[in-house]
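Residue numbers (numbering that gives the first Met the number 0): 0 to 343.
All residues carry an ideal CB built from backbone N, CA and C; glycine is no exception.
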Amino acid sequence: MSTVRPLHLAAEIATGPGPGPGPGGIPFTDAGRPVALARLAEEGALDLVTLGDSFTRPGLDALAVAARVAPATSRVGLVPTVTTTHTEPFHVQAAVATLDWVSRGRAGWRIEVSTGEAEARIFGRRPAAPAAEVWREAAEVAEVSRRLWDSWEDDAEIRDVATGRFVDRDKLHHVDFQGSTFSVKGPSIVPRPPQGHPVTVVDATAPAARDTAAHHADIVLVRAASAEEAAALRAALQEKARAHGRSPGEPRVLLSLTVDFDTYEGGEGALAGLIAGWHGGGAVDGFHLVPARPERDLERFVGGTVALLRGRGLFRTSYEATTLREHLGLARPLSRYATAGGAA
């Protein structure tokens, strides 16, 4: 790579909780389309693809689709949307950890919340709550998920056929987490994920999401009309992250940009120039493409824009790593319980 600060590129291959039911207005009723789109993104060596979802969106569950896409791909990161409102944190983290195993270390999750009464009625457990409240709950879900992923030390599995012992119980740990709306004892029922912690993504477009994003996200998605606005958002998020004790440069900030190449002035070349300029100027760490028509626009993005960026020496020509954390330049975290035990 010729750039000191790597450029990160991602793409959406299924719509999120907006008005549309799916790419091109068609809900995913099977995994054929997302498999094909993920393979296309992998041809371009993109860091990751995101799969949108919501409780009222028709079609297949994004986590289930990602699990189907995993064996059909080998390098691209897979980040389904997971709504933390009304769901059980213990089950959520186990599903994300399982995806990390299925994908061999390429999983992430994009945290989303639910504030609508219609979605609350689907579950019937509690009424809808304001955005600020459910985002605070989402932060707690992110925290307890990391603790549960740590609750199995990396070498907890023994798999000793002779003695019939599968796990070393001394290397499993209770998390004993008390949140504002839930409590979790632990440990997890899934061994520690290959990445240690699957990658956490938060869309910080809504102001209520920004503290959760700064505290817990590895990747934050933002929207901005200018490089100056994007740079200000990135600086504010990283300043909040430092206040939470995080390292400089965390989290990675990607501009989420909807592109329709039939109306995007200047086409693939103009987009390549925009990406090069904003990234080179330090406004963002990368871009998250939201194609208006996935098959058409993602193909033109990979075949045109990404190729042009490679020609400028700004983006990889092939994958240089295996896991999603490695693509992003993020270290694999140690289990907090193993570290504590070692110190003791």
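- A straight line joining the alpha-carbon of T199 with that of V160 spans about 36 angstroms.
- Under the three-state reduction of DSSP, T49 is assigned to strand.
- DSSP places S144 within a helical segment (H, G or I) once states are collapsed to three.
- Relative to the Cα of F165, the nearest Cα in the group S150, E156, A205, W134 belongs to E156.
- Scanning its chain for C-beta atoms nearer than 6 angstroms, with the 5 sequence neighbours on each side dropped, one finds around S102 the residues A69, L77, in chain order.
- Burial state of Q177 is exposed, judged by a 10 Å Cβ sphere holding fewer than 16 other Cβ atoms.
- Taking 8 angstroms as the cut-off, the beta carbon of E136 is found closer than this to the beta carbon of S179.
- Distance from the CA of L8 to the CA of T162, rounded to the nearest whole angstrom, comes to 48 angstroms.
- The alpha-carbon of A66 is positioned some 27 angstroms away from that of V133.
- Beta-bridge pairing by DSSP links F27 to no other residue.
- Nearest to D175 by C-alpha distance, out of E319, A306, V183, is V183.
- Scanning T86, R292, V81, T28 for the CA closest to the CA of T262 turns up R292.
- For the pair of segments examined, the region 28-42 was found not to touch the region 99-118: the number of CB pairs separated by less than 8 angstroms stays below three.
- In the three-state reduction of the DSSP assignment, E319 falls in the coil class, being assigned neither a helical nor a strand state.
- Around the C-beta of P250, 16 or more other C-beta atoms lie within 10 Å, and the residue is accordingly described as buried.
- When DSSP assignments are scanned along the region 208-249, the uninterrupted stretches of beta strand (DSSP E) that are 3 or more residues long and fall wholly within it turn out to be 218-221.
- If you draw a straight line from the Cα of S246 to the Cα of L329, it is about 11 angstroms long.
- Comparing C-alpha distances from A213 to each of D52, E118, V252, E111 shows the shortest one belongs to V252.
- Short of 6 angstroms from the beta carbon of P126, and not among the five residues preceding or following it, lie these beta carbons of its own chain, in chain order: A119.
- Between the C-alpha atoms of F314 and V143 there is a straight-line separation of about 35 angstroms.
- Between the region 265-272 and the region 227-245 there are fewer than three C-beta pairs closer than 8 angstroms, too few to call the two in contact.
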